[in-house]
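See structure below.
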Amino acid sequence: MSAKSLNSLAGTKAKNTIDAYRSDWDDFCDWCKYHKQTSFPATAETIVNYINDLADYAKTATIRRRVSAISENYNAAITSGIKVENPCREWIVKEALTGLTRLKGGAQTGKTPIYWDQLCDMIKCIDTKGLGGLRDKAVLLLGFMGAFRRSEISGLDVTDIKRVHQGIIVTVRQSKTDQQQMGQQVGIPCISDDDFDCVKAVEQWITAANLVDGPLFRSILKNNTASKNRLSSKSINLIVKKYVSMIGLNPDLYGAHSLRHGFATYAALNGVEERLIMRQTRHRSVEMVRRYINEADLFVNNPISAIFNKK
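Pasting the structure below:
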């Protein structure tokens with residue numbers, strides 16, 4: 130937030146409130162930077178797109194608080210004499226928030242995680258004879274194994290994939306948790322089951338699509354060749370929903386974030402240490418990771434299993 134905005138807020142808001150506004154504003158600025166949008170001044174359309182992205186994983190209350198923080202920053206700027214319009218007052222932003230409440234309700238808890246056995250069932254539904262199937266398989270396995278956000282999957286280039294003896298190293302050039310844009314590297318080892326090996330799936334896609342550079346994941350043309358156009362983060366979301374539906378699950382409960390959520394929770398269920406999960410998910414704070422671990426702990430050493438699942 131600007132110095133003028135902070136000074137204006139300081140007279141009317143508690144310190145904790147100002148700190149929360151600053152954190153929410155920073156999140157919005159990071160999102161705008163990644164999507165090459167202007168945060169100040171921002172358009173109402175930018176605010177709506179930000180809301181839609183948050184809707185994949187954040188609670189309704191969190192989204193409303195973020196928009197409120199953005200609005201307060203603009204109000205404070207206006208009060209301090211900066212000539213700018215508050216985009217949060219536009220009707221399309223209000224409609225987006227109203228629609229969000231109708232769609233998600235007030236007690237939304239994020240996308241349902243996709244566990245490994247469910248992912249395997251989804252992979253089995255894919256027709257890998259066509260180029261689109263090879264791409265979708267690579268998207269799903271990479272999204273899960275790398276615990277990537279959908280924007281990170283969409284933003285990958287072919288040159289971001291480096292083959293080494295143990296597997297592949299994926300370089301994420303821009304990420305929500307990499308504000309300095311230093312780049313983050315994620316290791317994905319080979320696994321023994323070729324049908325579900327992420328490394329093999331990514332290599333098969335690259336080879337079949339004849340990719341040398343440019344976007345890693347692309348739309349497919351009618352002649353079954355890869356276009357030059359990068360697959361959008363929205364398309365990544367739709368791929369997940371498509372195969373979730375094919376195994377009989379409700380697609381409204383799942384999205385691209387289900388892969389990331391699923392990896393973290395599944396890792397916790399298998400006793401993986403917190404620090405190792407965080408290294409793969411690249412969370413800066415332990416708060417979210419511990420939510421996944423606590424979710425897994427509901428079933429680890431559960432007394433019902435001890436009673437009814439005796440060997």
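The numbers in the sequence shown follow this note's numbering, run straight up by one, and end at 440. Every residue gets a Cβ at the ideal spot worked out from N, C-alpha and C, and that includes glycine.
By how many angstroms is the C-alpha of residue j removed from the C-alpha of residue i?
i           : j           : result
residue 153 : residue 342 : 36 Å
residue 354 : residue 191 : 41 Å
residue 416 : residue 424 : 13 Å
residue 303 : residue 382 : 27 Å
residue 147 : residue 203 : 14 Å
residue 237 : residue 183 : Low local confidence applies: a pLDDT of 46 at residue 237 is under 50, so the model's placement there is unreliable, with the coordinate-based value given in what follows. Taking the straight line joining both Cα atoms gives about 12 Å.
residue 272 : residue 209 : 44 Å
residue 235 : residue 223 : Caution is warranted here: a pLDDT of 48 is assigned to residue 235, below 50, making its placement in the model unreliable, and no coordinate value can be reported.
residue 315 : residue 410 : 9 Å
residue 412 : residue 173 : 29 Å
residue 360 : residue 380 : 20 Å
residue 77  : residue 405 : No answer is possible for residue 77: the residues shown for the chain start at 130 and end at 440.
residue 262 : residue 227 : 37 Å
residue 258 : residue 418 : 37 Å
residue 426 : residue 249 : 23 Å
residue 97  : residue 242 : Only positions 130 to 440 of the chain appear in this structure, which leaves residue 97 out of reach.
residue 372 : residue 323 : 20 Å
residue 351 : residue 362 : 21 Å
residue 212 : residue 420 : 42 Å
residue 430 : residue 276 : 25 Å
residue 207 : residue 158 : 19 Å
residue 292 : residue 337 : 17 Å
residue 256 : residue 200 : 47 Å
residue 274 : residue 370 : 18 Å
residue 356 : residue 285 : 15 Å
Short check: CB of residue i to CB of residue j, under 9 Å?
i           : j           : result
residue 283 : residue 365 : yes
residue 387 : residue 266 : no
residue 385 : residue 185 : yes
residue 331 : residue 260 : no
residue 446 : residue 219 : This structure cannot settle anything about residue 446, because the visible part of the chain is limited to 130 through 440.
residue 187 : residue 216 : no
residue 160 : residue 264 : no
Does the beta-carbon of residue i have 16 or more other beta-carbons within 10 angstroms, so that it is buried, or is it exposed?
i           : result
residue 329 : buried
residue 167 : exposed
residue 247 : buried
residue 441 : Because the chain in this structure spans residues 130 to 440, residue 441 falls outside the shown range and cannot be described.
residue 225 : buried
residue 294 : exposed
residue 422 : buried
residue 280 : buried
residue 402 : exposed
residue 141 : Unreliable placement is indicated for residue 141, whose pLDDT of 47 sits below 50; no coordinate value is reported for it.
Skipping 5 residues on each side, what residues in its chain have a beta carbon closer than 6 Å to that of residue i?
i           : result
residue 375 : 254
residue 198 : 150, 153, 154
residue 297 : 290, 317, 328
residue 307 : Confidence is the limiting factor: at residue 307 the pLDDT is only 48, short of 50, which leaves the residue's position unreliable and the question unanswerable from this model.
residue 221 : 173, 177
residue 396 : 406
residue 162 : none
Can you find the residues in the same chain that come closer than 8 Å, C-beta to C-beta, to residue i, ignoring five residues on each side of it along the sequence?
i           : result
residue 289 : 299, 300, 301, 302, 345
residue 434 : 428
Can you give the beta carbon distance from residue i to residue j, rounded, assuming they're within the 8 Å contact cut?
i           : j           : result
residue 278 : residue 408 : 16 Å between Cβ atoms; not a contact.
residue 398 : residue 437 : About 18 Å separates the two Cβ atoms, so there is no contact after all.
residue 358 : residue 347 : 6 Å
residue 252 : residue 325 : 6 Å
residue 368 : residue 268 : 6 Å
residue 244 : residue 391 : 5 Å
residue 194 : residue 156 : Not quite, the Cβ-Cβ distance comes to about 10 Å (not below 8 Å), so this is no contact.
Excluding the 5 residues preceding and the 5 following residue i in the sequence, name in chain order all residues of the same chain whose CB lies nearer than 7 Å to its CB.
i           : result
residue 229 : 180, 184, 189, 192
residue 320 : 326
residue 432 : none
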